[in-house]
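Undergrad:
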Amino acid sequence: MDNLQFFLYLLLLAGSTYLIRVIPFVAIKDKLHNRFILSFLYYIPYAVLTVMTIPAIFYATKSPLSALAGLIVAIVFALRKKSLTVVAVAACATVFVTECFLPI
Amino acid sequence: MNHFKRGLRAGIPIGLGYLSVSFTFGIMAVSYGLYWWQAVLISMTTVTSAGQFAGIGVMLHPGQYIQMLISQVTINIRYAFMSISLSQKTDSRFRGISRWVLGFMMTDEIFAVASQESTVSRSFFAGLTVLPYLGWSLGTLAGALLGNILPDRIMSALSVAIYGMFIAIVVPELKQSRPVVLVVVIALALSCAFSYIPLLAQVSSGIAITVCAVLAAAIGAWLFPVKEDETHG
Chain Y
0 MDNLQFFLYL LLLAGSTYLI RVIPFVAIKD KLHNRFILSF LYYIPYAVLT
50 VMTIPAIFYA TKSPLSALAG LIVAIVFALR KKSLTVVAVA ACATVFVTEC
100 FLPI
Chain X
0 MNHFKRGLRA GIPIGLGYLS VSFTFGIMAV SYGLYWWQAV LISMTTVTSA
50 GQFAGIGVML HPGQYIQMLI SQVTINIRYA FMSISLSQKT DSRFRGISRW
100 VLGFMMTDEI FAVASQESTV SRSFFAGLTV LPYLGWSLGT LAGALLGNIL
150 PDRIMSALSV AIYGMFIAIV VPELKQSRPV VLVVVIALAL SCAFSYIPLL
200 AQVSSGIAIT VCAVLAAAIG AWLFPVKEDE THG
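See below:
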């Protein structure tokens with residue numbers, strides 16, 4: 000791939016990603032009042048995060064078992080309202096320790 | 000603690016999680032025949048995971064500019080919803096040029112953390128973006144230059160950091176709100192359907208994420224509309 004082609008691709012990649020993010024952010028200046036839309040926007044983060052986590056987490060680690068262990072520990076810590084960092088570190092540590100015992 | 004500092008601190012787990020994801024991206028980009036500086040430039044100008052992975056896939060072939068555009072729009076359309084959602088929570092000073100600049104950093108994880116705030120100030124959001132941006136750029140650089148230098152086990156463990164964060168955001172809300180339980184269950188079912196049911200599994204992950212999330216949130220909004228003041232909790 001020559002440089003010209005790379006930069007054309009980069010422009011499309013970065014440019015489209017940027018515009019998708021920024022145009023709605025800049026265009027909507029006022030508070031919305033439609034109850035359905037407000038409710039939708041309230042639920043959307045939880046929906047997105049759930050979809051991105053399950054089942055992807057089971058394929059992120061070397062074994063679905065260690066991922067499951069990490070998931071369970073993360074849920075337990077989250078139920079106790081630990082901070083994002085604490086939950087994330089606990090999940091990583093669990094995966095690491097679990098994989099030390101798994102035959103992989 | 001001022002807003003910027005608080006944002007900076009809230010960005011720590013995102014930055015750490017990004018290190019491992021972008022490290023993988025760096026390795027992959029170089030294995031696809033890109034130079035290290037090209038990989039880093041892509042990360043520094045784009046800052047998105049799924050879109051970049053798909054992007055370097057398209058770059059393998061010459062002249063597929065339309066494919067590049069279509070794949071990016073479908074994978075990234077979820078950001079539009081996030082931007083709309085966050086536009087409802089910004090304070091009065093977070094307008095104009097600051098939205099053009101900071102909107103660049105609207106990633107899944109930054110959105111997730113920012114949406115936990117009742118009002119999002121410009122300086123909080125700015126602080127929040129710093130470490131994730133550094134993590135994303137430096138991780139790519141390291142991956143592109145060093146390749147497989149980190150032991151597998153460490154990479155494997157780091158890769159759940161992001162999911163840990165997501166869980167830390169969703170789970171406490173499940174205790175607070177019954178409707179959110181319903182939304183999460185629907186999202187879960189749809190997500191599994193799009194991963195395991197033969198025809199649905201062929202849908203690209205970016206589109207699947209958007210479709211599943213929009214459906215789940217729309218059903219929730221239809222069955223359990225919230226009162227206006229609840230949406231800012």
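Protein sequence lines, in the order shown, are assigned to chains Y and X.
Following numbering that gives the first Met the number 0, the numbering of the first sequence begins with 0 at its first residue and continues without gaps.
Following numbering that gives the first Met the number 0, the numbering of the second sequence begins with 0 at its first residue and continues without gaps.
Backbone N, C-alpha and C fix where the C-beta goes; we use that ideal spot for every residue, glycine too.
So which residues on chain X does Pro-63 (chain Y) lean against when the C-beta distance must stay under 7 Å?
TA: Reading the first sequence from its first residue, position 64 is the one you call residue 63 (chain Y). Neighbours of Pro-63 (chain Y) on chain X: none; closest Cβ ~12 Å, over 7 Å.
Undergrad: If you count every other CB in all the chains shown that lies within 10 Å of the CB of Ala-26 (chain Y), and 16 or more means buried, which is it?
TA: For this step, residue 26 (chain Y) is matched to residue 27 along the first sequence. Ala-26 (chain Y) should be labelled exposed.
Undergrad: Using a Cβ cut-off of 7 Å, pull out every chain Y residue sitting near Pro-224 (chain X), in sequence order please.
TA: Counted from its first residue, the second sequence places residue 224 (chain X) at position 225. What Pro-224 (chain X) touches in chain Y: Arg-34, Phe-35, Ser-38.
Undergrad: Starting from Ser-42 (chain X), follow the alpha helix (DSSP H) in both directions and report where the run begins and ends.
TA: Translated into positions along the second sequence, residue 42 (chain X) becomes position 43. First-last of the alpha helix (DSSP H) with Ser-42 (chain X): 35-45.
Undergrad: Are the segment 65-83 of chain X and the segment 12-31 of chain Y touching by the rule of at least three beta carbon pairs closer than 8 Å?
TA: The answer is yes - the segment 12-31 of chain Y touches the segment 65-83 of chain X, with three or more Cβ pairs under 8 Å.
Undergrad: Taking only beta carbons into account, state which residues of the segment 80-91 of chain X come closer than 8 Å to chain Y, listed in chain order.
TA: Here the close residues are Phe-80, Met-81, Ser-82, Ile-83, Ser-84, Leu-85, Ser-86, Gln-87.
Undergrad: Please report the distance separating the alpha-carbon of Glu-116 (chain X) from that of Arg-92 (chain X).
TA: Your numbering for residue 116 (chain X) matches position 117 in the second sequence. Your numbering for residue 92 (chain X) matches position 93 in the second sequence. Cα-Cα distance, rounded: 16 Å.
Undergrad: Going by DSSP in three states, Thr-52 (chain Y) sits in which element: helix, strand or coil?
TA: By 1-based counting over the first sequence, the position of residue 52 (chain Y) is 53. In this structure, Thr-52 (chain Y) counts as helix in the three-state DSSP scheme.
Undergrad: Quick one: any contact between the segment 188-196 of chain X and the segment 58-74 of chain X, if contact means 3 or more CB pairs under 8 Å?
TA: Output reads no: the segment 58-74 of chain X does not touch the segment 188-196 of chain X.
Undergrad: Is the beta carbon of Phe-24 (chain X) sitting closer than 8 Å to the one on Phe-123 (chain X)?
TA: As a position in the second sequence, residue 24 (chain X) is number 25, starting the count at 1. As a position in the second sequence, residue 123 (chain X) is number 124, starting the count at 1. It is not a contact, given that the beta carbons lie outside the stated cut-off.
Undergrad: If you compare alpha carbons, which of X:Pro-224, X:Val-184, X:Gly-126, X:Thr-106 is closest to Ser-42 (chain X)?
TA: On the second sequence, position 43 is the one that residue 42 (chain X) refers to. Ranking the options by Cα distance to Ser-42 (chain X), first place goes to X:Thr-106.
Undergrad: Which residues share a DSSP beta bridge with Val-119 (chain X)?
TA: Your numbering for residue 119 (chain X) matches position 120 in the second sequence. Answer by DSSP bridge pairing, in chain order: X:Thr-89.
Undergrad: Give the secondary structure of Met-58 (chain X) by DSSP, where H, G and I count as helix, E and B as strand, and everything else as coil.
TA: Within the second sequence, residue 58 (chain X) is the residue found at index 59, counting from 1. Met-58 (chain X) falls in the helix class under three-state DSSP.
Undergrad: Along the segment 14-28 of chain Y, where does the CB come closer than 8 Å to a CB of chain X? Name the residues.
TA: The segment 14-28 of chain Y vs chain X, Cβ under 8 Å: Ser-15, Thr-16, Tyr-17, Ile-19, Arg-20, Val-21, Ile-22, Pro-23, Phe-24, Val-25, Ile-27, Lys-28.
Undergrad: The alpha helix (DSSP H) spanning Ala-9 (chain X) covers which residue range?
TA: One-based indexing of the second sequence puts residue 9 (chain X) at position 10. Where Ala-9 (chain X) is concerned, the enclosing alpha helix (DSSP H) stretches over 2-9.
Undergrad: To the nearest angstrom, how far is the alpha carbon of Phe-110 (chain X) from that of Trp-35 (chain X)?
TA: As a first step, residue 110 (chain X) is located in the second sequence; it is residue number 111 there, counting from the start. As a first step, residue 35 (chain X) is located in the second sequence; it is residue number 36 there, counting from the start. If I take the Cα positions, the gap works out to 29 Å.
Undergrad: Cβ of Pro-102 (chain Y) less than 8 Å from any chain X Cβ?
TA: Residue 102 (chain Y) sits at position 103 when you count from the first residue of the first sequence. Cβ-Cβ to chain X under 8 Å: no for Pro-102 (chain Y).
Undergrad: Alpha carbon to alpha carbon, what distance is there between Ile-22 (chain Y) and Thr-140 (chain Y)?
TA: Outside the displayed span of chain Y (0 to 103) sits residue 140 (chain Y), for which this structure offers no information.
Undergrad: Buried or exposed: which applies to Ser-190 (chain X), given that a residue is buried once 16 or more other Cβ atoms fall within 10 Å of its Cβ?
TA: By one-based count along the second sequence, residue 190 (chain X) stands at place 191. Buried.
Undergrad: Could you check what DSSP says for Gly-287 (chain X) in three-state terms: helix, strand or coil?
TA: Absent from the structure is residue 287 (chain X), since the part of chain X shown begins at 0 and ends at 232.
Undergrad: Check the C-beta distance from Val-86 (chain Y) over to Ala-167 (chain X) and give it rounded, since I have them as a contact under 8 Å.
TA: Reading the first sequence from its first residue, position 87 is the one you call residue 86 (chain Y). Reading the second sequence from its first residue, position 168 is the one you call residue 167 (chain X). Indeed, because the Cβ distance is near 4 Å, the residues count as touching under 8 Å.
Undergrad: Hey, Ala-68 (chain Y) and Gly-163 (chain X) are a contact pair by Cβ (cut 8 Å); roughly how many whole angstroms apart?
TA: As a position in the first sequence, residue 68 (chain Y) is number 69, starting the count at 1. As a position in the second sequence, residue 163 (chain X) is number 164, starting the count at 1. That belief does not hold up - the Cβ atoms of Ala-68 (chain Y) and Gly-163 (chain X) are roughly 12 Å apart, past 8 Å.
Undergrad: Determine the DSSP secondary structure at Asp-29 (chain Y), reduced to helix, strand or coil.
TA: Taking the first sequence and counting its residues from 1, the one referred to as residue 29 (chain Y) is at position 30. Asp-29 (chain Y): coil per DSSP, three-state reduction.
Undergrad: Let me know the alpha helix (DSSP H) ranges lying completely inside the segment 117-172 of chain X, each 4 residues or longer, listed in chain order.
TA: Fully enclosed alpha helix (DSSP H) runs of 4 or longer: 121-145, 151-157.
Undergrad: Does Tyr-8 (chain Y) pass the burial test, meaning 16 or more other C-beta atoms within 10 Å, or should it be called exposed?
TA: Counting from 1 along the first sequence, the entry for residue 8 (chain Y) is found at position 9. Tyr-8 (chain Y) is buried by the Cβ-count criterion.
Undergrad: Would you mind reading off the limits of the alpha helix (DSSP H) that contains Phe-193 (chain X)?
TA: To locate residue 193 (chain X), count along the second sequence from 1; it is residue 194. First-last of the alpha helix (DSSP H) with Phe-193 (chain X): 177-195.
Undergrad: Buried or exposed, going by whether 16 or more other CB atoms sit within 10 Å of the CB of Gly-146 (chain X)?
TA: Against the second sequence, residue 146 (chain X) aligns to sequence position 147. By the 10 Å Cβ count, Gly-146 (chain X) comes out exposed.
Undergrad: With distances taken Cα to Cα, identify the nearest neighbour of Ala-53 (chain X) among Y:Thr-93, Y:Leu-40, Y:Pro-44, Y:Leu-11.
TA: One-based indexing of the second sequence puts residue 53 (chain X) at position 54. Nearest option by C-alpha distance: Y:Leu-11.
Undergrad: Under 8 Å by Cβ, that's how I've got Leu-130 (chain X) and Ala-113 (chain X) pegged, so tell me the actual separation to the nearest angstrom.
TA: Taking the second sequence and counting its residues from 1, the one referred to as residue 130 (chain X) is at position 131. Taking the second sequence and counting its residues from 1, the one referred to as residue 113 (chain X) is at position 114. About 14 Å separates the two Cβ atoms, so there is no contact after all.
Undergrad: Take the Cβ of Ile-65 (chain X) as the centre, count every other Cβ of all protein chains shown within 10 Å, and call the residue buried at 16 or more, exposed below.
TA: What you label residue 65 (chain X) is simply residue 66 of the second sequence in a count that begins at 1. Ile-65 (chain X) is exposed by the Cβ-count criterion.
Undergrad: Is the beta carbon of Thr-93 (chain Y) less than 8 Å from the beta carbon of Val-169 (chain X)?
TA: If you number the first sequence from 1, residue 93 (chain Y) lands on position 94. If you number the second sequence from 1, residue 169 (chain X) lands on position 170. Not a contact, by the Cβ cut-off of 8 Å.
Undergrad: Just curious, the alpha helix (DSSP H) that Ser-65 (chain Y) is in, first and last residue?
TA: Looking up residue 65 (chain Y) in the first sequence gives position 66. Element bounds for Ser-65 (chain Y): 63-78.
Undergrad: Determine whether the Cβ of Gly-14 (chain X) lies closer than 8 Å to any Cβ atom of chain Y.
TA: Reading the second sequence from its first residue, position 15 is the one you call residue 14 (chain X). It does not: the Cβ of Gly-14 (chain X) has no partner Cβ on chain Y nearer than 8 Å.
Undergrad: Between Thr-230 (chain X) and the rest of its own chain, which residues show a CB-CB distance below 7 Å, the 5 nearest in sequence each way excluded?
TA: On the second sequence, position 231 is the one that residue 230 (chain X) refers to. Its pLDDT being 49, under 50, Thr-230 (chain X) is placed unreliably in this model, and the coordinates cannot settle the point.
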